[in-house]
Amino acid sequence: MTSKIEKQKQIFSLLNSKLSDSKSTGLLTPKDNPVDVEKIVSQANFVNQVYNFHKSIIQNINAGLFITDLDGVVTFANKIAGKLLGFKVEELLEKNISDFFKDKDEAAKFIKLLSLPEKKIDNYETKFLDKASKEIIIGINASSLDDKNNKFEGVVFLFRDLTEIYHLRNQVERMERLALLGELSAGIAHEIRNPLAGIKASAQVLQESLSHEDFRNELINRIVKEVDKSNRLLKEFFKFARPLPPRFGFFDIEMIIDSVYLLLAPRLKKNNIKFKEEFEDHIPQVYIDETQIEQVILNFFLNAVDVMIDGGELEIRTRKKKLGLLDAPPEKYIIADEDLYYVIVEISDTGKGIKPEVIDKIFNPFFTTKKDGLGLGLSICSRLIEENRGKVDVVSMPGKGTTFVLALPTFVHN
Amino acid sequence: MGDLKKILIVDDEETITFSLYQAFIKAPYDCEVVTASSGEDALDKLEDGSFDLVITDIAMPGIDGLELLSIIKSRAPDTKVVIITAYGTDEREERAYKIGADKYIEKPFDISELRNLVFKMIE
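Protein chains in written order, with numbering that gives the first Met the number 0: chain D, 0 to 413; chain H, 0 to 122.
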């Protein structure tokens, strides 16, 4: 294995070292042909330029680059590959590509695929683990490298960190799914409330014909009570399905957080939960519906209380984040470009965390892990945040806790 | 109760029109109650005579409750209109009040509350 690495190192040493003079290139030097000194120097300079050009492409391309032999052993890695995976470039050499795959079985299949002649793999999505064992969603393009001049066979991998895109795509899909489910729930709720109204009105009219002492009064009371109970549930559906249109305005997020904290302070104390807030300085005001976002934060706080039965720490942090390339640009805004920020609100608990297999479902309506939960809290939050042109995401470490991350706009949108 | 009050109840749900009919005709309320099962049916009944108050559902095939409300308010602005709906509190409520609804009530409603409200409006 080492000899193979040595061979490849030799081949790629050109790319990894600075070409300082023509001697180190092995090209013709002036003493080989004193007559054409100028021509040879000029040729060497040209080769040097071409070399540096290619080297800078490889090192600056906005993707990680691995070259491996046919067994998957890394023989070359560019700087970005190291940066993406948290390694120094030299630490990557001699590792096997499969070492980075989260799922080792998948890695074996992937490498098998690549051993097929002329095989190309486009836009393959998988999960890598970086040096700190953090999961990264990776998009890979791979193709075989057949370098006859250097007698080298191997594979070229170009890979990109798709984690942010993946989360964004998940958010959009979730929002679309929830909107659809919202419409469905609204339709069903409407259809059920009509017969409920008929049952309640008939029962109450019937009750008016009974004397006060009649035992059937109690039966009718029970009918009405059950109708009202069902109706309360349906009203929750409506909250999720069709939140009221937000009444937008500029508000201080810190004030909203503090008002929710004041409301819950006694409960936090009773449950032995420490509260910590960390507000970044000079946070711009957010453009939202104050009541709706207050409801969202209250819900996240209440969930945190529920998951920390034996006490813990509830922490809320705020910071600002410039609108990224991946963020949909606002259709209309009335402040200058340089002021387009989201305010990020992170709410962390030290509860038992969310199992990875259910984390994608927690915003779905009727999904709950609580004994007597309806499973509408987080889906309503997600809908409200969407209505407020914000975003919500969740990061959870089983056994350590969960962080909900909200992004709220600071700009006027259409 | 003074003059005999005339109420029109419009809903495509027969159980609703039937129970409301019973709730308003009985003593001591003694209203003259007419029921209609659609917006079109309601318009026919409105042609036949004037009403003090109309209770109407929103979601009905053909002319819906909000269209009916708009027609009533343009032809007989003094007629009170109470909207009863199985929809939640949403943009329809705002629209209904903009068009001129006197009250917007969600189904299922409490029969005695509805009756008290109606009589307060037409007394």
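By construction, the Cβ of each residue, glycine as well, lies at the ideal position given by its N, Cα and C atoms. Here the structure is a predicted model, which is why all the values come from computation and not from measurement.
Alpha carbon to alpha carbon, what distance is there between D:A196 and D:S208?
Looking at the two C-alpha atoms, the distance is approximately 19 Å.
Using a Cβ cut-off of 8 Å, pull out every chain D residue sitting near H:I15, in sequence order please.
Near H:I15 (Cβ distances below 8 Å), the residues of chain D are N193, A196, G197 and A200.
Mind pulling the chain H residues with CB within less than 7 Å of D:K234?
Chain H residues near D:K234: G87.
Taking just the CA atoms, how far does D:M307 sit from D:G398?
So the two alpha carbons sit approximately 12 Å from each other.
Could you pull out every residue in the same chain whose Cβ sits closer than 6 Å to the Cβ of D:I287, ignoring the five residues on either side in sequence?
Excluding sequence neighbours, D:I287 sits near N387 and L407.
In three-state DSSP terms, what is D:G71?
Here D:G71 sits in coil by DSSP.
How do the region 191-205 of chain D and the region 138-145 of chain D stand: do at least 3 beta-carbon pairs fall below 8 Å, yes or no?
No, they do not touch.
What ranges does the beta strand (DSSP E) occupy inside the region 202-250 of chain D, keeping only unbroken runs of at least 3 residues that lie completely in it?
For the region 202-250 of chain D, whole beta strand (DSSP E) runs of length 3 or above, ordered along the chain, are 248-250.
For D:K228, is the classification buried or exposed, using 16 other Cβ atoms within 10 angstroms of its Cβ as the cut-off for buried?
Burial call: exposed.
Could you spell out the range, first to last residue, of the alpha helix (DSSP H) harbouring D:T409?
D:T409 -> no alpha helix (DSSP H), and no H or E assigned at all.
Are D:R241 and D:A185 closer than 9 Å when you measure CB to CB?
For D:R241 and D:A185, yes; Cβs fall inside 9 Å.
My output table needs one value for H:M120: the three-state DSSP class, helix, strand or coil.
Helix.
Please go through the same chain and pick out, in chain order, the residues whose beta-carbon is closer than 7 Å to the beta-carbon of D:E238, but skip the five residues on each side of it.
Going by the sequence as given, residue 238 of chain D is Lys instead of Glu. Around D:K238: I379.
Using the Cα positions of D:F365 and H:I83, report the straight-line distance between them to the nearest angstrom.
Rounded to whole angstroms, D:F365 to H:I83 spans 28 Å at the Cα level.
Excluding the five sequence neighbours on either side, which residues of its own chain have a C-beta within less than 7 Å of the C-beta of D:D20, listed in chain order?
Summary for D:D20: the model assigns pLDDT 46, below 50, so the residue's position carries little reliability; its value from the coordinates is reported in the next sentence. Cβ neighbours of D:D20 beyond the five flanking positions: none.
According to DSSP, is D:M174 part of a helix, a strand, or is it coil?
Helix, per DSSP.
List, in order along the chain, the chain H residues whose C-beta lies closer than 9 Å to that of D:Q203?
Result: S18, A22, D109, I110 and S111.
For the region 48-77 of chain H, list the alpha helix (DSSP H) runs that are entirely contained and at least 4 residues long, ordered along the chain.
Qualifying alpha helix (DSSP H) stretches, in chain order: 64-74.
Can you check the region 80-141 of chain D for any beta strand (DSSP E) of at least 3 residues that lies completely inside it and give the ranges in chain order?
Runs found: 119-128.
From the DSSP output, in three-state form, read off D:F65 for me.
In the structure shown, D:F65 sits in a strand (DSSP, three-state: E or B).
What does H:E90 touch in chain D if you count any residue whose Cβ is under 9 Å from its own?
Within 9 Å Cβ-Cβ: R241, L243 and P244.
Where do the ends of the beta strand (DSSP E) carrying H:A35 lie?
Looking at the DSSP string, the run of the beta strand (DSSP E) that includes H:A35 is E31 to A35.
Would a check of beta-carbon distances place D:A188 closer than 9 Å to chain H?
Closer than 9 Å: yes.
Is the CB-CB distance between H:I15 and H:V32 below 9 Å?
Taking 9 Å as the Cβ cut-off, H:I15 and H:V32 do not qualify as a contacting pair.
Looking at C-beta atoms only, is the number of pairs between the region 145-156 of chain D and the region 58-77 of chain D that lie closer than 8 Å three or more?
These segments touch.
With distance defined between alpha-carbon atoms, name the residue in H:E66, H:I54 and H:A35 nearest to H:M120.
Closest by alpha carbon: H:I54.
Buried or exposed: where does D:G389 fall if 16 or more other Cβ atoms within 10 Å of its Cβ makes it buried?
By the 10 Å Cβ count, D:G389 comes out buried.
What did DSSP end up calling D:A264 once you bin it into helix, strand or coil?
Three-state DSSP puts D:A264 in a helix.
Answer with yes or no whether the minimum CB distance from D:L90 to chain H is below 9 Å.
Correcting the residue identity first, residue 90 of chain D is Glu in this sequence and not Leu. No, its Cβ sits nowhere closer than 9 Å to a Cβ of chain H.
From D:K94 to D:F100, what distance separates their C-alpha atoms?
Distance between the alpha carbons of D:K94 and D:F100: 12 Å.
For D:I334, name the three-state secondary structure that DSSP assigns.
In this prediction, D:I334 has a pLDDT of 47, which is less than 50 and means its spatial position is unreliable; nothing more can be read from the coordinates.
In terms of residues, what are the limits of the alpha helix (DSSP H) holding D:V306?
It spans E289 to V306 - the alpha helix (DSSP H) in which D:V306 sits, taken as one unbroken run.
What number of angstroms, rounded off, separates the C-alpha of H:A22 from the C-alpha of D:I282?
C-alpha separation (whole angstroms): 58 Å.
Please name the residues in the region 212-238 of chain D whose beta-carbon is closer than 7 Å to at least one beta-carbon of chain H, in chain order.
Cβ contacts with chain H come from V226, N230, K234 and F237.
Between the region 50-70 of chain H and the region 91-106 of chain H, do at least 3 Cβ pairs fall closer than 8 Å?
Touching, yes.
Output, in chain order, the set of chain D residues within a Cβ distance shorter than 8 Å of H:K106.
Ordered by position in chain D, the residues that pass the 8 Å Cβ test against H:K106 are R192, N193, L195 and A196.
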